[in-house]
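Let me begin by presenting the structure, written as structure tokens, before commenting on it.
Residue numbers (the numbering used here): 2 to 278.
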């Protein structure tokens, strides 16, 4: 059986180790700003009696583990915020309307509280996205739909895929496109039947995962730095630069998430054939 992707690739290691290492370094820097006498990694390694080469083994393992934790946490905060605020890329690319940040069907009160908490926790991103993205219209730079011609082509091919391969005779009988995860079926079909598109999709997944993790790291760093600014231990300029950087990485994450979905949808557009009439 041919594997579509290596079980463990350089992208996986880079996507976890690099963000994890960055988090540890920034965490150490923030600790030194707030607590000048905080022990460093090298001093801890020296106290443990580890040689130079040996000292980096626990660091690599810790960074890799932290990267996995970051990946999960960023998926339930940064990524969920983008989906709540803008909708799934596979849907807004095709012009499918999105209800809004607080648009929910089940347990609206509880979910409104959760979404408000996420908004506050990632405030450097959510506030910038609200002002620049929604109010000033900058979302068109990284989360815009396709033109009408491409929307018509892809919608027709997805409908054909659902009917001919999925066995769903009348897809519209099962509700509107905004209510269903049609992209999951389309993506798996593209993986199996569009090998030329697979490497690009894998690269986009690695890129948007990395950018999502870095976005969360910058948000996590924002709060201790804000405290340091309030205590007069750091400058407002550093805090402003961190806010801008967090929003830039968030925009890049959304952009590559969109490109990943677009690549899969374009694969469907060129691979799926219309039935003979």
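Where a beta carbon is used, it is the ideal one built from N, C-alpha and C, also for glycine. Predicted, not measured: the structure shown is a model, and the values here were computed from it.
Inter-residue spacing [alpha-carbon to alpha-carbon] between residue i and residue j
{"i": "residue 113", "j": "residue 86", "result": "13 Å"}
{"i": "residue 102", "j": "residue 57", "result": "43 Å"}
{"i": "residue 151", "j": "residue 109", "result": "35 Å"}
{"i": "residue 136", "j": "residue 142", "result": "13 Å"}
{"i": "residue 161", "j": "residue 72", "result": "35 Å"}
{"i": "residue 2", "j": "residue 203", "result": "Note that residue 2 has pLDDT 41, beneath the 50 cutoff, so the model's placement of it is unreliable and the number below is only indicative. C-alpha separation (whole angstroms): 19 Å."}
{"i": "residue 140", "j": "residue 267", "result": "22 Å"}
{"i": "residue 257", "j": "residue 234", "result": "36 Å"}
Residue interval of the alpha helix (DSSP H) (run including residue i)
{"i": "residue 258", "result": "237 to 272"}
{"i": "residue 90", "result": "90 to 93"}
{"i": "residue 135", "result": "Residue 135 -> no alpha helix (DSSP H), and no H or E assigned at all."}
{"i": "residue 87", "result": "79 to 87"}
Given residue i as reference, the closest of the options once Cα atoms are compared
{"i": "residue 16", "options": "27, 30, 75", "result": "75"}
{"i": "residue 96", "options": "146, 257, 120", "result": "146"}
{"i": "residue 77", "options": "271, 259, 210", "result": "210"}
{"i": "residue 184", "options": "155, 253, 105, 117", "result": "155"}
{"i": "residue 252", "options": "127, 239, 118, 190", "result": "127"}
{"i": "residue 65", "options": "91, 90, 84, 14", "result": "14"}
{"i": "residue 18", "options": "60, 244, 273, 172", "result": "60"}
{"i": "residue 197", "options": "107, 272, 217", "result": "272"}
Where residue i falls, given that 16 or more other Cβ within 10 Å makes a residue buried
{"i": "residue 264", "result": "buried"}
{"i": "residue 80", "result": "buried"}
{"i": "residue 221", "result": "buried"}
{"i": "residue 188", "result": "buried"}
Residue i CB to nearest heavy atom of the ligand SAH below 7 Å
{"i": "residue 122", "result": "Judged by which ligands are present, the structure shown has none, so any question about the ligand SAH falls away."}
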